[in-house]
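Per our numbering, the very first residue in the sequence shown carries number 1; after that it's consecutive.
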Amino acid sequence: MLGRLLFVAALFVSFCGCQSGQKSITKDSFGSTGDGKKVDVYTLTNANGVQVEITNYGAIVVSLKVPDRNGEIADITLGYDKLEDYIKDTPYFGAIVGRYGNRIAKGKFTLDGKGYTLATNNDENHLHGGIKGYDKVVWEAEMVERCDSVGLKLSYLSKDGEEGYPGNVQITVTYLLNNDNELDIEYHATTDKATPFNPTHHSYFNLAGQGNGDILNHQMMINADRFTPVDAGLIPTGQLKSVKGTPMDFTTPTAIGKRVNQNDQQLVYGKGYDHNWVLNDWDGKMNSAAKVYEPTSGRVMEVLTTEPGIQFYCGNFLDGSNVGKGGKVYEHRFGFCLETQHFPDSPNQKDFPSTILKPGETYSHRTIYKFYTK
Ligand code: BGC
1 MLGRLLFVAA LFVSFCGCQS GQKSITKDSF GSTGDGKKVD VYTLTNANGV QVEITNYGAI
61 VVSLKVPDRN GEIADITLGY DKLEDYIKDT PYFGAIVGRY GNRIAKGKFT LDGKGYTLAT
121 NNDENHLHGG IKGYDKVVWE AEMVERCDSV GLKLSYLSKD GEEGYPGNVQ ITVTYLLNND
181 NELDIEYHAT TDKATPFNPT HHSYFNLAGQ GNGDILNHQM MINADRFTPV DAGLIPTGQL
241 KSVKGTPMDF TTPTAIGKRV NQNDQQLVYG KGYDHNWVLN DWDGKMNSAA KVYEPTSGRV
301 MEVLTTEPGI QFYCGNFLDG SNVGKGGKVY EHRFGFCLET QHFPDSPNQK DFPSTILKPG
361 ETYSHRTIYK FYTK
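As structure tokens, then:
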């Protein structure tokens with residue numbers, strides 16, 4: 001078939017002891033950017049019919065289709081049908097954000113005695129890599145097959161001076177879909193000058209199906225006894241505060257909507273949940289971060305990560321102005337994000353784990369979004 005490349009990998013137990021199971025990856029055109037760069041969309045399908053579409057524009061997850069407890073498949077991420085809409089106006093639907101996920105206060109930091117000024121795009125602050133972050137560039141794409149998964153390896157050279165950051169950073173993000181219904185994201189990067197580096201993934205989930213109501217009924221659990229409180233500009237104060245007795249306590253499963261409108265200073269600042277939680281027992285290895293259950297569909301999403309923090313954002317800025325896939329209108333809190341990361345504004349917070357990547361080092365980060373039903 002012209003213009004369409006199809007790899008069907010029927011994997012049987014082989015020398016590497018792989019599990020058998022059929023999975024596939026296909027590639028189709030997704031259009032081109034204003035400056036004429038061609039962009040594709042890749043469809044990864046596992047043996048259970050779970051499917052993820054990813055484009056190399058912004059390394060964006062365009063859709064993610066998973067079954068409910070009756071086997072009915074629904075697309076559970078917010079986004080657009082067309083590339084033009086991603087280019088025109090998106091609150092980072094499905095994207096990889098970077099060089100630095102979340103905020104750097106006033107877009108300023110000092111590194112090795114030298115001051116740097118970044119692009120500011122969130123009032124006076126720098127957010128998600130600036131005006132043209134990793135979500136707005138075209139990545140090189142390579143289809144990959146591993147014994148238990150199919151995937152897409154995306155590479156991007158983030159040049160010295162981009163959005164004000166020092167150093168040429170070569171980054172790869174590999175999305176893998178395996179037959180355990182896991183979307184596994186591996187990040188690697190190197191640099192030729194010391195730089196802050198803290199990319200993350202920005203899908204908006206709605207486990208009842210995209211466009212299918214708000215997410216307030218989802219039961220959220222976060223494996224964190226502490227969070228990083230913020231000021232009115234959503235910049236961390238530097239404290240690590242106990243969640244005990246606050247609406248930030250998700251140590252047991254709690255509906256997102258139960259306390260989100262409480263008269264609490266942190267919720268007022270965030271206009272709801274828009275905070276970083278400090279994950280328990282961080283040691284750089286894969287660790288449970290969060291678990292979300294949607295009662296009507298029975299879908300469960302579990303998040304595991306090597307990162308020390310997770311930003312839980314419950315779509316407070318969605319206001320019906322984004323018309324998404326299939327004409328669905330995304331109203332207030334129709335999706336939530338769980339962004340695994342180092343803490344916001346770490347370059348200005350001496351007591352937070354460092355986000356500085358140095359020449360000779362390799363950044364690596366892995367996050368899994370795992371799906372099942374109950
Ligand atoms: C941030 C929000 C921001 C949103 C962008 C989230 O990661 O924490 O404050 O509005 O991304 O749409």
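Glycine residues also receive a C-beta, built at the ideal position from the N, C-alpha and C atoms.
Neighbourhood of residue i by C-beta, 7 Å cutoff - its chain only, sequence neighbours within 5 removed
i, result
"A105", "N125, I235, D345, N348"
"Y388", "Residue 388 lies beyond the stretch modelled for the chain, which goes from 1 to 374, so this question has no answer here."
"G101", "H128, N198, P199, T200, E339, Q341"
"C314", "I215, I256, V260, G272, Y273, R333, F336"
"K37", "V138"
"Y204", "T77, L78, F93, G315, G335, F336, C337"
"T254", "Q219, M220"
Distance between beta carbons of residue j and residue i, contact taken as under 8 Å
i, j, result
"T191", "L357", "5 Å"
"Y42", "A141", "7 Å"
"V144", "T174", "7 Å"
"G94", "I60", "4 Å"
"Q266", "P229", "6 Å"
"T172", "S149", "16 Å between Cβ atoms; not a contact."
Reference residue i; option with closest CA among the options
i, options, result
"G238", "S297, A224, V278", "V278"
"T340", "A290, G94, S158, I310", "I310"
"Q22", "Q265, C147, W139, F30", "C147"
"D81", "K241, P359, G327", "G327"
"D123", "D35, T174, A232, L78", "A232"
"N178", "D319, L44, V323", "L44"
"W282", "N263, D225, T33", "D225"
"K241", "N212, N263, G213, H275", "H275"
"D375", "G213, G209, G284", "This structure does not reach residue 375, given that the chain is present from 1 up to 374, and the question cannot be answered."
"T77", "T172, K374, Y330, F352", "Y330"
"K325", "Y86, K132, S155", "Y86"
"K285", "T306, L267, K244", "T306"
"G55", "G213, L152, D89", "Looking at the sequence provided, one finds Thr at residue 55 rather than Gly. Of the candidates G213, L152, D89, the one whose C-alpha sits nearest the C-alpha of T55 is L152."
"E72", "T26, S155, S24, L207", "L207"
"E302", "N263, S158, D351, K374", "K374"
"A289", "M221, D89, K159, R299", "M221"
"T90", "N322, F343, P353, F352", "N322"
"G161", "S149, K132, L318, V150", "K132"
"N121", "G130, D35, K114, K350", "G130"
"S158", "V97, F343, S354, K350", "V97"
"D68", "F312, T296, F227, K193", "T296"
"F352", "D35, D264, I368, F227", "F227"
"P308", "G115, D264, S354", "S354"
"K258", "D264, N217, G213, N287", "N217"
Buried or exposed by the 16-neighbour rule on C-beta atoms within 10 Å, applied to residue i
i, result
"E84", "exposed"
"M248", "buried"
"D184", "buried"
"E294", "buried"
"E163", "buried"
"E361", "exposed"
"N70", "exposed"
"P359", "exposed"
"T117", "exposed"
"L304", "buried"
"S364", "exposed"
"V268", "exposed"
"K291", "buried"
"F7", "Below a pLDDT of 50, predicted positions are generally treated as unreliable, and F7, at 42, falls in that range; no measurement from the model is reported."
"G211", "buried"
Contact set for residue i: own chain, Cβ-Cβ below 8 Å, skip 5 residues either direction
i, result
"N181", "N46, N48, V50, V66, K370, F371, Y372"
"T195", "R99, L111, Y165, P166, G167, V169, I356, L357"
"N316", "G270, K271, G272, Y273, D274, H332, R333"
"V39", "S29, F30, G31, S32, T33, T55, N56, Y57, L83, V138"
"D319", "E331, H332"
"T252", "M221"
"V243", "A224, D225, R226, F227, D249, F250, T251, W277"
Beta-carbon proximity list for residue i, same chain, < 6 Å, skipping 5 on both sides
i, result
"G270", "none"
"E53", "V41, T43, V62, S63"
"R366", "E186, T306"
"G245", "none"
"F250", "M220, M221, I222"
"I368", "E182, D184, L304"
"K193", "P166, G167"
"R299", "D68, L207, T373"
I need the residues with a C-beta less than 6 Å from some heavy atom of the ligand BGC; please give them in chain order. Qualifying residues, in the order they occur: P91, Y92, N102, L234, D274, Q311, Y313, F317, C337, E339.
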